[in-house]
Amino acid sequence: MSPSRLRVLGVEPVGPYALVRLARGGLDPGIPGQFFMLRPPGLLLPRPMSLCLAPPGELAFLVDPIGPGTRALAELEAGEEVDALGPLGNGFDLEVARPLLVGGGIGIAPLPYLSERLGGPPALLGFRTARHAEAAALVPSAEVVLEPAYVTEALEPGFDVLACGPEPMLRAVRRLAPEAQLSWEAPMACGYGACYGCVVELEGRLARLCVEGPVLGGRVRGQAPAVAGKAAAA
Amino acid sequence: MIFNASGCLDALTAPDVARALDAFVTKTVTRLPREGNPPVRIAETDVGMLNSIGLPNPGIDRFLDDALPRLLELGPPVWVSVGGFAAEEYADLCARLDATDVAVLELNLSCPNVAAPEDEATAIVTAARAVTGKPLYAKLAPGLPDLPAVAAAAAAAGADGLSLVNTIRGLALDPATLRPRLGTESGGLSGPALRPVALAAVHTAYRVTGLPIVGMGGVETGAHALELVAAGASAVALGTVLFADPGAPGRVRSELAAEAERRGFDGPLAARGAAHGAVASTADAPEEAAGRVGLKV
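One line per chain: the protein sequences are A and B, in this order. Residue 171 in my numbering is what sits at position 80 of the first sequence, and the numbering runs on without skipping anything. Residue 341 in my numbering is what sits at position 237 of the second sequence, and the numbering runs on without skipping anything.
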């Protein structure tokens, strides 16, 4: 198990975010909700990123440049190389009858690929501003909610919810849809169970999110964490 | 002679990575189960990684029943790191591990995230020595006021080798809030910043004790590993580099061999002690002290 060195095909702005497009090399895109550890040149540790899109020959990641690691990824230029390890972790269970995708902010990152694999189900996406909401263009059939309104206000019963977003949003979604599959995040150094850095409280114990998640909940995978870690290290 | 540093690899979750090692060193095992520290547990800084994991482990009972049999099946010799808060706890753990097929017992005298037992090094090594014939390695923190004295004390008490070094205490603040980024505020610093610290510790401990030394701290390449060997290490352990590159054991091993050959050494261990102006023999390499490992360099 070694990281692959992938060539950067380009980085495109999507509102305030960056869509980092990499040549796929020999890597499998995996199941929506799985993640890759990406390490741009000059960083000690890689960063966990859910796969956003998997066009033929490519792997694309939506990055919010909020710290040194994510900025280094967003500032990559075509032709540079990135170390990539993955796909890692457990993705979404795609065997659902009435899927509804729910996303918030940069948490929409895994939803474009998920939408594609599920045949374009309805989606409900929440953003802070109209500029952030430009990312909704990546998800077909998306209904957009802008703050101060929240996605949970528009959430209707009767769907199999698959969600990714900030922790308060995930908690609110879980209250309305207890069987929702929720993709959580936590700082990770390794992504493969070695560092014990990404623990979240799960059923009364601290569990490594990279091994047991990042997608938790639903009818298959037991309960969602009671306390998730803070947002992934920037 | 490429090991992992204790706590930097879960061999049961990533068995292929563990099989690429010349010995696998477990996370520290304690008498009772430990959950470890609350999140946030890790943070990257400009010069290295901070962690405050807090020695999560299933406790010795479950370790012996569940984890150890599976670890021993992986292939590489298993070194078990043991920790506690008093000499009798270490002795209890060592006595229970003495009857197993574990190759070496590493006494963790140094985790910066639990109460520091450095001043008890002599008592702990003496107590452990009394209950086991297995090779004992004392793992020391680099922040000791007098590391050579502690190393010499461990040697005098019966340690067969030293593991140098553990992390050094550090703190990182969130630039926006100026609050600590880790849940426990400070934590252990590893990675590149630890490299010169580890070199100094290995260099001085080699000179003072002459014991076999597993050198570790910021190793990313074979050249880094060779420097530790030149300072006095007889094996090299990988820590933070494993997080970014799980293929590091094989890569560093071949880079180390190539680097030694390029410099005209007859294998990497022939460079042991080169920093001291005289080249030592390889007879006291930890693999041979352990009696279980063939050199694979």
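Positions of the beta carbon are idealized from the N, C-alpha and C atoms, including for glycine. Predicted model, so just to flag it, every value in this text is computed and none were measured.
Using a CB distance below 9 Å, the part of the stretch 154-168 of chain A facing chain B consists of Gly158, Pro159, Gly160, ordered along the chain. In summary, B:Ser358 is exposed, with fewer than 16 beta-carbon neighbours lying within 10 Å of its beta-carbon over all protein chains present. For B:Trp183, the pairing in a beta bridge is given by DSSP as B:Val129, B:Val208. With a cutoff of 8 Å on beta-carbon distance, A:Ala254 and A:Gly211 are scored as not near each other. A contact between stretches requires three or more CB pairs, one per stretch, nearer than 8 Å, and the stretch 99-119 of chain A meets this requirement with the stretch 141-155 of chain A. Taking 8 Å as the threshold, the shortest C-beta distance from A:Tyr283 to chain B falls below it. The C-beta distance from B:Ala255 to B:Leu266 rounds to 6 Å, short enough to meet the 8 Å contact threshold. Relative to the Cα of B:Pro137, the nearest Cα in the group B:Thr230, B:Leu125, B:Arg166, B:Asp126 belongs to B:Arg166.
Residue range 225-233 is occupied by the alpha helix (DSSP H) that includes B:Ile228. Closest option to B:Pro350, judged by alpha-carbon separation, among A:Val290, A:Gly282, A:Gln125: A:Gly282. Within the DSSP secondary-structure output, B:Leu244 pairs in a beta bridge with B:Leu268.
For a cut-off of 8 Å, the C-beta gap from A:Gly177 to A:Phe127 is around 3 Å, short enough to register as a contact. Counting only runs of at least 4 residues, the stretch 268-318 of chain B fully encloses the following alpha helix (DSSP H) elements, listed from N- to C-terminal order: 299-313.
The beta-bridge partner set that DSSP reports for A:Pro305 consists of A:Asn181. Membership of A:Gly194 in the beta strand (DSSP E) is indicated by the continuous run 190-195. By DSSP's assignment, B:Phe167 forms no beta bridge with any residue. When the Cα atoms are used, A:Gly170 and A:Leu97 turn out to be separated by approximately 9 Å. Annotated three-state conformation of A:Asp174 is strand, per DSSP.
8 Å or more divides the Cβ of B:Ala199 from the Cβ of B:Thr230.
Distances from the alpha-carbon of B:Pro143 to those of A:Ala228, A:Ala163, A:Val291, A:Leu267 put A:Val291 closest. Between B:Ile157 and chain A, the shortest Cβ-Cβ separation is below 8 Å.
With contacts defined as CB atoms closer than 8 Å, A:Pro139 and A:Met279 qualify as a contacting pair. Closest in alpha carbon position to B:Val323, among B:Arg367, B:Ala191, B:Asp202, B:Asn270, is B:Asn270. For the stretch 174-189 of chain A, the residues whose beta carbon sits under 9 Å from a beta carbon of chain B are, in order, Asp174, Leu176. B:Ala348 reaches chain A at Pro94, Met128, Arg130, Leu134, Leu135, Leu136, Pro137, Asp174, Leu176, Ala280, Cys281, counting residues in chain order whose Cβ is nearer than 9 Å.
Following the DSSP letters along the chain, one finds A:Pro203 inside the alpha helix (DSSP H) bounded by residues 202-208. The C-alpha of A:Pro239 lies about 14 Å from the C-alpha of A:His223.
In the DSSP assignment, B:Met153 falls within the unbroken beta strand (DSSP E) covering 153-155. Rounded to the nearest whole angstrom, the CA to CA distance from B:Ser294 to B:Asn155 is 8 Å. The distance from the Cβ of B:Asp202 to that of B:Lys243 is about 19 Å, inconsistent with a contact at the 8 Å cut-off. In this structure, DSSP gives A:Val154 an extended state, which the three-state scheme calls strand. Distance check between B:Gly343 and each of B:Arg233, B:Met153, B:Thr117, B:Arg376 places B:Met153 closest, using alpha-carbon atoms only. At a cut-off of 8 Å between beta carbons, A:Tyr287 contacts chain B.
With respect to B:Pro296, B:Leu125 sits apart: the two C-beta atoms are not nearer than 8 Å. Collapsing the DSSP output to three states places B:Phe347 in a helix. A:Gly249 and A:Pro231 have their C-alpha atoms roughly 21 Å apart.
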